[in-house]
Amino acid sequence: MDVDRTKKIVGVDLGGTTFTVGVMDFEGNVLSRLDADTPVEDGPIAVMNKIVEYIDMAIEKAGLTGKDILGVGLGAPGILDVEKGINIFSPNLKWHNVDMVTPIKEHLGVPVFIENDVRVAALGERRFGAGKGRKYMIFIALGTGIGSGIIINGELFRGSIGGGGEVGHMVIDSNGPRCNCGNYGCFEALAAGPSIVARAEKAIKSGLETKIFELAERDVTKITPALVYRAAKMGDKVALDVFRETSYYLGLGLVTLTTVFNPECIIIGGGISKAWDILMPPAIQMVKTRSFPGSRDVVEIIPAELGDSAGMIGAGVLAMEKLEKGFTL
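Written out as structure tokens, the structure is:
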């Protein structure tokens, strides 16, 4: 469908702590960006009102008016009914059945679209980032959990009821630690940020000498993945062992994804990806040696390019592509 590409798009990346609003054009150029705290404790009405307020501010900052906006995309955590624009359940936001579309649509008078936050980041990387031009790719966000967006033949894979792509809950060790989802040995329980902290704490409590403890001011509650990475860069054996084990499980997960989906590339983003030089080489080597022949020969494992703008830009891409296909939610 032909759309007026002289008009602009608003992208909103909503998180449980902060949110980002940006105005962009159809070439992916960000014309303005604003960041703000998410007032979760004040309830969903207050959050949506603040988002609307910041959309207005971002439009004004870009030197535009509401008449210049063609549509709005919004990425949010949780289980979403994307057709009705409802956030069914989001633990991070403490929301149940919240209408995310109507407040914005009634204010701006333009179509508004929602999707899971990691999935929209995948859309952003595919159209304007590391996955540009790729039709088969997987975006993985490594942070406090492991989220993903899977692109198959250029389209976002959602599954039969919208639950597709929950790669963080693939079981890769049936005897592994309990995951937040209630299962045992999930990918994210073994390879996400908290697993790095847990391994460091275990080593310290077992009596091993490590710079991690010194950097944490001898307080295990102050240990973070970034701190463990600092110790690893200093050559600390315990920290390097922590990353070696984490990389092993990350590699196992990537082997499974490579074999099952045969992607052109797997793009790794999120806070934990900042430890790329230590974390990723062993995982990539595992993919190249243990994935199914053929698939392992074509897959590239590469860092994300859009950084902390991926969610906001990806939300804009969501709106662009829905409008291009004639959707008017």
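Every number in the working numbering is 134 more than the matching position in the sequence shown, counting from 1. Note that beta-carbon positions come from the ideal geometry of N, C-alpha and C, so glycine has one too.
Runs of the alpha helix (DSSP H) lying entirely within the stretch 371-417 and spanning at least 4 residues, in chain order: 371-395. Going by beta carbons, THR390 and SER429 fall outside the 8 Å limit. According to the DSSP assignment, LYS142 belongs to the beta strand (DSSP E) that extends over 142-148. One Cα belongs to GLY448, the other to LYS142, and the distance between them is close to 14 Å. In the structure shown, the three-state DSSP call for THR344 is coil. DSSP places SER429 in the helix class (H, G or I) of the three-state scheme.
A contact is defined here as three or more CB-CB pairs under 8 Å, and the stretch 336-345 meets this definition with respect to the stretch 368-382. Bounds of the beta strand (DSSP E) holding ALA210 are 203-210. Distance between MET182 and LEU242, taken at the CA atoms: about 13 Å. The beta carbon of THR199 sits closer than 8 Å to the beta carbons of ILE193 from its chain, once the five residues preceding and following it are set aside; these are given in chain order. When the Cα atoms are used, GLY387 and PHE321 turn out to be separated by approximately 6 Å. Note on geometry: alpha-carbon atoms of PRO416 and PHE377 lie some 10 Å from one another. The Cβ atoms of GLY145 and GLY207 lie closer than 8 Å to each other. In this chain, the alpha helix (DSSP H) harbouring GLY445 covers 444-458. Sequence-distant Cβ neighbours of GLY319 in its own chain, meaning closer than 8 Å and more than five residues away, are VAL305, ILE306, ASP307, SER308, ASN309, GLY310, PRO311, CYS313.
Of GLY316, GLU217, GLY405, GLU351, the smallest CA-CA separation from PRO359 is found for GLY405.
Distance between GLU217 and PHE461, taken at the CA atoms: about 10 Å.
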